[in-house]
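For reference, the structure discussed in these notes is given below.
In the working numbering, the protein residues as written are 393 to 432.
Shown next as C-alpha coordinates:
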(Lines of atoms letter the chains of each structure in order from A and count residues from 1; the text may use other names and numbers.)
(Lines give C-alpha, C1' and ligand atoms only; values in the text may rest on other atoms or scores of the structure.)
Protein backbone atom coordinates (compact mmCIF):
# COMPACT_ATOMS: atom_id res chain seq x y z
CA UNK A 1 0.00 0.00 0.00
CA UNK A 2 1.44 3.34 -1.01
CA UNK A 3 1.08 6.45 1.11
CA UNK A 4 -1.44 7.97 -1.33
CA UNK A 5 -3.52 4.78 -1.19
CA UNK A 6 -3.42 4.89 2.60
CA UNK A 7 -4.50 8.53 2.53
CA UNK A 8 -7.34 7.64 0.14
CA UNK A 9 -8.58 4.79 2.34
CA UNK A 10 -8.33 6.99 5.42
CA UNK A 11 -10.27 9.75 3.67
CA UNK A 12 -12.94 7.32 2.46
CA UNK A 13 -13.34 5.91 5.96
CA UNK A 14 -13.54 9.46 7.30
CA UNK A 15 -16.28 10.35 4.82
CA UNK A 16 -18.23 7.19 5.73
CA UNK A 17 -17.96 8.02 9.43
CA UNK A 18 -19.06 11.59 8.75
CA UNK A 19 -22.17 10.29 7.04
CA UNK A 20 -22.98 8.42 10.24
CA UNK A 21 -22.43 11.50 12.39
CA UNK A 22 -18.90 10.78 13.61
CA UNK A 23 -16.53 13.59 12.75
CA UNK A 24 -13.11 12.07 13.37
CA UNK A 25 -11.15 8.96 12.50
CA UNK A 26 -10.76 6.49 15.33
CA UNK A 27 -7.30 5.76 16.75
CA UNK A 28 -7.73 2.16 15.58
CA UNK A 29 -8.20 3.30 12.00
CA UNK A 30 -5.14 5.55 12.15
CA UNK A 31 -3.02 2.77 13.66
CA UNK A 32 -4.19 0.32 10.99
CA UNK A 33 -3.38 2.79 8.23
CA UNK A 34 0.09 3.44 9.63
CA UNK A 35 0.71 -0.29 9.91
CA UNK A 36 -0.32 -0.78 6.27
CA UNK A 37 2.04 1.99 5.18
CA UNK A 38 4.87 0.43 7.17
CA UNK A 39 4.31 -2.98 5.55
CA UNK A 40 4.43 -1.44 2.08
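All residues carry an ideal CB built from backbone N, CA and C; glycine is no exception.
Here the structure is a predicted model, which means the values were calculated and not measured.
DSSP three-state call for residue 394: helix, strand or coil? Along the chain shown, read from residue 1 onward, the residue named residue 394 stands at position 2. The answer is coil: DSSP assigns residue 394 none of H, G, I, E or B.
How should residue 394 be labelled, buried or exposed, when 16 other C-beta atoms within 10 angstroms of its C-beta is the threshold for buried? Here residue 394 is taken as the residue at index 2 of the chain shown, counted from 1. With fewer than 16 other Cβ atoms within 10 Å, it is exposed.
Quick check: what's the CA-CA separation for residue 400 versus residue 419? Position 8 of the chain shown, counted from the first residue, corresponds to residue 400. Position 27 of the chain shown, counted from the first residue, corresponds to residue 419. About 17 Å.
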